[in-house]
Amino acid sequence: MSRRGSEARAGFLLALQFLTRLPVPDPGWTPERFAASTRWHPAAGALIGALVGGVWGAPAALFPPLVAVLAATAAGLWLTGCFHEDGFADACDGLGGAVTRERALEIMKDSRIGTYGAAGLGMMLAGRVAVLVALVPVAPVFWVLVAGHAASRAASVHVIATSAYVREHGTGKPVADGIGRDGLRFALLTGGAALLPLVPALGLLAPLAGLAGLALGTWAMRRVYERRLGGYTGDCLGATQQCAEIGFYLGLLAWL
Numbered sequence: 273m274s275r276r277g278s279e280a281r282a283g284f285l286l287a288l289q290f291l292t293r294l295p296v297p298d299p300g301w302t303p304e305r306f307a308a309s310t311r312w313h314p315a316a317g318a319l320i321g322a323l324v325g326g327v328w329g330a331p332a333a334l335f336p337p338l339v340a341v342l343a344a345t346a347a348g349l350w351l352t353g354c355f356h357e358d359g360f361a362d363a364c365d366g367l368g369g370a371v372t373r374e375r376a377l378e379i380m381k382d383s384r385i386g387t388y389g390a391a392g393l394g395m396m397l398a399g400r401v402a403v404l405v406a407l408v409p410v411a412p413v414f415w416v417l418v419a420g421h422a423a424s425r426a427a428s429v430h431v432i433a434t435s436a437y438v439r440e441h442g443t444g445k446p447v448a449d450g451i452g453r454d455g456l457r458f459a460l461l462t463g464g465a466a467l468l469p470l471v472p473a474l475g476l477l478a479p480l481a482g483l484a485g486l487a488l489g490t491w492a493m494r495r496v497y498e499r500r501l502g503g504y505t506g507d508c509l510g511a512t513q514q515c516a517e518i519g520f521y522l523g524l525l526a527w528l
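First residue of the sequence shown: 273, per the numbering used here; consecutive thereafter.
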């Protein structure tokens, strides 16, 4: 394998290590490789979506849509270790319950979940299940999940590339400076490519409507934390992914 191919493989495996619980071969961790692995987050998201979609397909043949979607949602939570959901809940606690920037950042570092976090996470999970159940009769859910997981992680990568990390140390610090123009372009193209399988089934405008919903969800979440914090934290990236993913599903549903 060429050096370029070896670095690409290492980057993808590091992205999987960071974003999932999947047992993957040791890619040879270095700070530079880990920072550069950010470009592979949408590709890792596509794999997550495919695995979640596979879990959805088995019970969908035997049980009502709600049961299949709940099984797929549970599989996604286990597969990722609730990585992004944890960030969303912490962001809800910090941004919802604090007055000052310093207090918000302090709350978001607390591993305990508060009222805002519990309420926000409950509503996010319920909303995701509801919209996916509504999509079952009108869209190929497997490919919707692949696209949603990939494109929403591209939205988080875009935040990394275009905003400022506000902590001196934290979960997001190692990847904060690891995405340049080429890496961002690669991530966005990868996230966009995951939408292509939807075109034969739904036409071109439906995925574009999903992207519009994704952009709106990303903008709404980003507007809150950038105004309050002056940039983003690792928790904010998780919140971005969650809002972008459900925004994508809602955009598709609104069009269809």
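Glycine residues also receive a C-beta, built at the ideal position from the N, C-alpha and C atoms. Predicted model, so just to flag it, every value in this text is computed and none were measured.
Per the DSSP calculation, residue 504 is bridged to which residue(s)?
For the purposes of this step, residue 504 is taken as residue 232 along the sequence shown, with counting starting at 1. Its beta-bridge partners are 437.
Mind pulling the alpha helix (DSSP H) runs of 4 or more residues that sit fully within the segment 369–396?
DSSP assignment within the segment 369–396 yields the following whole alpha helix (DSSP H) runs of 4 residues or more, N-terminal first: 373–381.
For the pair the segment 450–462 and the segment 386–402, tell me if three or more CB-CB distances fall below 8 Å.
no
Let's see if you can read the secondary structure: which residues bound the alpha helix (DSSP H) around residue 310?
Residue numbering aside, residue 310 sits at position 38 when the sequence shown is read from its first letter. Counting along the chain, residue 310 falls outside any alpha helix (DSSP H), and DSSP gives it neither H nor E.
At 4 residues or longer, and completely inside the segment 330–358: list those alpha helix (DSSP H) runs for me, N to C.
Whole alpha helix (DSSP H) segments, 4+ residues: 337–352.
Since residue 527 contacts residue 478 with CB under 8 Å, what's their CB separation in whole angstroms?
Taking the sequence shown and counting its residues from 1, the one referred to as residue 527 is at position 255. Taking the sequence shown and counting its residues from 1, the one referred to as residue 478 is at position 206. Between residue 478 and residue 527 the Cβ distance is about 5 Å, and since that is below 8 Å, they are a contact.
Excluding the 5 residues preceding and the 5 following residue 363 in the sequence, name in chain order all residues of the same chain whose CB lies nearer than 6 Å to its CB.
Stepping through the sequence shown from its first residue, residue 363 is reached at position 91. Taking C-beta separations shorter than 6 Å and ignoring five residues to either side along the sequence, the partners of residue 363 in its chain run 507, 508 and 511, following chain order.
Count the other C-beta atoms from every protein chain shown that fall within 10 angstroms of the C-beta of residue 373, then say buried if there are 16 or more, exposed otherwise.
Counted from its first residue, the sequence shown places residue 373 at position 101. So residue 373 counts as exposed.
Under a three-way DSSP split, which group does residue 461 fall into?
Position 189 of the sequence shown holds residue 461. In this structure, residue 461 counts as helix in the three-state DSSP scheme.
In this structure, does DSSP put residue 452 in helix, strand or coil?
Locating residue 452 in the sequence shown gives position 180, counting from the first residue. Residue state, collapsed to three classes: coil.
For residue 316 and residue 288, which I take to be in contact (beta-carbon distance under 8 Å), what is that distance rounded to the nearest angstrom?
On the sequence shown, position 44 is the one that residue 316 refers to. On the sequence shown, position 16 is the one that residue 288 refers to. Sure, about 5 Å apart at Cβ, within 8 Å.
How should residue 440 be labelled, buried or exposed, when 16 other C-beta atoms within 10 angstroms of its C-beta is the threshold for buried?
For the purposes of this step, residue 440 is taken as the residue at position 168 of the sequence shown. Exposed, because fewer than 16 other Cβ atoms sit within 10 Å of the Cβ of residue 440.
Taking 7 Å as the threshold (C-beta atoms), are residue 500 and residue 367 in contact?
The residue given as residue 367 occupies position 95 in the sequence shown. The residue given as residue 500 occupies position 228 in the sequence shown. In contact: residue 367 and residue 500 (Cβ atoms closer than 7 Å).
Check whether the Cβ atoms of residue 472 and residue 408 sit closer than 7 Å, and answer yes or no.
Here residue 472 is taken as the residue at index 200 of the sequence shown, counted from 1. Here residue 408 is taken as the residue at index 136 of the sequence shown, counted from 1. No, the Cβ-Cβ distance between residue 472 and residue 408 is not below 7 Å.
Skipping 5 residues on each side, what residues in its chain have a beta carbon closer than 8 Å to that of residue 286?
Here residue 286 corresponds to residue number 14 of the sequence shown, with the count starting at 1. Non-local beta-carbon contacts of residue 286 in its own chain, meaning distances under 8 Å to residues more than five positions away in sequence, involve 299, 301, 305, 306, 309 and 312 in chain order.
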